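For reference, the structure discussed in these notes is given below.
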Amino acid sequence: MEKLNIKDFEEEVVFNPADAFDECLINPDEEISRPPIAISIGFKYEELVPLVTFGNFCCIVGASKSMKSFLKSAFLACAIGGQSQSYFPEIKGHDIAGKYVIDIDTEQGKYHVQRVVKRVNTMVGKIYQGYKGLALRPKTPKERVAFIEWILTESEFSGKIAILSIDGVADLIEDVNDLKTSNEITQKLMTWSNDYNIAIITILHKNFDSAKPTGHLGSAVLKKAETTVFVNKEDAIVTVTAKYSRNIPFDDFTFTVNEKGIPHELDKPF
């Protein structure tokens, strides 16, 4: 593989507003379809409730060790399908077959990321060849961003990705309290999801002294995400809430993790 040309977020862009006017103008008489759902959670008002649609991104927010990554695994496994609905009956993927699910972990080493990959495949009931787990912990923030852009644009997976998971997005920048880079990486999430028509799942820590996600990055992501999911762990029980959503929010649900390290929804068969 050729060496990646790592650049700062800043790029010189030639932009003519006059050329963009017709593209950006909203016609009130045009029939515009809702973006297709990538992952749904149950039904409301006789409609599927979106967690995230293609062309958008969602975010899981919670305290350290609050089972955020276990919930992410559930979302990815249920998006793939197989036997995963026996653990979370209402979480389903749409138009995923034949496409890739890319799961990037920026925090954990290879041993723990492999456990995540095995967890997803166990929930699915088989090794899904389109599911790729990647451990980017040794890389720098700029290298991680460059790697994601390579995955989306130049890799063998380019143009065939349905879902991109980034656990955690804070490791794509040096400082979550830097307003400029926080806004820039949030813009990256919007651009990546829109330009490549993928659904992105991100994870953020929340502040210890409040319910808000960490730093300027947390504020920026919270404003731009299609759905922001909060997890709250008490003892072995995790409550999942659609805190903010541009769609009908899904109902709260709870889950725990069994003795084999597999998450499952409570009060449902598994």
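Quick note: the sequence shown uses my numbering, first residue 12, plus one each step.
Ideal placement from N, C-alpha and C gives every residue a C-beta, glycine not left out.
The structure presented is a predicted model; accordingly, all values stated were derived computationally and were not measured.
Can you find the residues in the same chain that come closer than 6 Å, C-beta to C-beta, to residue i, ignoring five residues on each side of it along the sequence?
| i | result |
| --- | --- |
| residue 102 | 52 and 89 |
| residue 257 | 237 |
| residue 244 | 77 and 78 |
| residue 12 | Legend: pLDDT at residue 12 = 43, less than 50; position of this residue unreliable, no value from coordinates given. |
| residue 192 | 184 |
| residue 74 | 217 |
From this set, the options, which residue's C-alpha is nearest residue i's C-alpha?
| i | options | result |
| --- | --- | --- |
| residue 149 | 143, 136, 116 and 165 | 116 |
| residue 59 | 66, 50, 217 and 65 | 50 |
| residue 162 | 112, 201 and 28 | 112 |
| residue 124 | 177, 169, 165 and 277 | 177 |
| residue 168 | 114, 30, 34 and 192 | 114 |
| residue 139 | 61, 189, 107 and 42 | 107 |
| residue 277 | 41, 25, 42 and 100 | 100 |
Report, in whole angstroms, the separation of the C-beta atoms of residue i and residue j, which I expect to be a contact under 8 Å.
| i | j | result |
| --- | --- | --- |
| residue 235 | residue 197 | 5 Å |
| residue 249 | residue 267 | 7 Å |
| residue 127 | residue 144 | 6 Å |
| residue 132 | residue 142 | 7 Å |
| residue 93 | residue 137 | 6 Å |
| residue 146 | residue 119 | 7 Å |
| residue 63 | residue 210 | 4 Å |
Would a C-beta distance cut-off of 9 Å place residue i and residue j closer than the cut-off?
| i | j | result |
| --- | --- | --- |
| residue 183 | residue 203 | no |
| residue 240 | residue 254 | yes |
| residue 98 | residue 273 | yes |
| residue 200 | residue 68 | yes |
| residue 39 | residue 66 | no |
| residue 261 | residue 55 | yes |
Can you give me the C-alpha to C-alpha distance between residue i and residue j, rounded to a whole angstrom?
| i | j | result |
| --- | --- | --- |
| residue 275 | residue 109 | 26 Å |
| residue 28 | residue 247 | 53 Å |
| residue 44 | residue 32 | 21 Å |
| residue 194 | residue 251 | 27 Å |
| residue 134 | residue 259 | 27 Å |
| residue 280 | residue 269 | Per-residue confidence for residue 280 stands at a pLDDT of 45, beneath the threshold of 50, marking its modelled position as unreliable; the derived number appears in the next sentence. Roughly 13 Å between the two C-alpha positions. |
| residue 217 | residue 96 | 29 Å |
| residue 80 | residue 165 | 28 Å |
| residue 17 | residue 187 | Any reading at residue 17 is ruled out, since the residue's pLDDT is 49, under 50, leaving its predicted position unreliable. |
| residue 30 | residue 61 | 33 Å |
| residue 41 | residue 34 | 13 Å |
| residue 151 | residue 160 | 14 Å |
| residue 82 | residue 26 | 40 Å |
| residue 57 | residue 48 | 15 Å |
Might you give, ordered along the chain, the residues of its own chain that have their beta carbon closer than 8 Å to the beta carbon of residue i, omitting 5 neighbours on each side?
| i | result |
| --- | --- |
| residue 215 | 70, 71, 72, 179, 180, 181, 224, 225, 228, 229 and 232 |
| residue 170 | 207 |
| residue 190 | 227 |
Less than 7 Å between C-beta atoms, sequence neighbours within five positions excluded: which residues of the same chain meet that for residue i?
| i | result |
| --- | --- |
| residue 130 | 84, 272 and 273 |
| residue 155 | 117, 147, 182 and 183 |
| residue 37 | none |
| residue 205 | 66 |
Any beta-carbon of chain D closer than 9 Å to the one on residue i?
| i | result |
| --- | --- |
| residue 171 | Included in the structure is just one protein chain, with no chain D present. |
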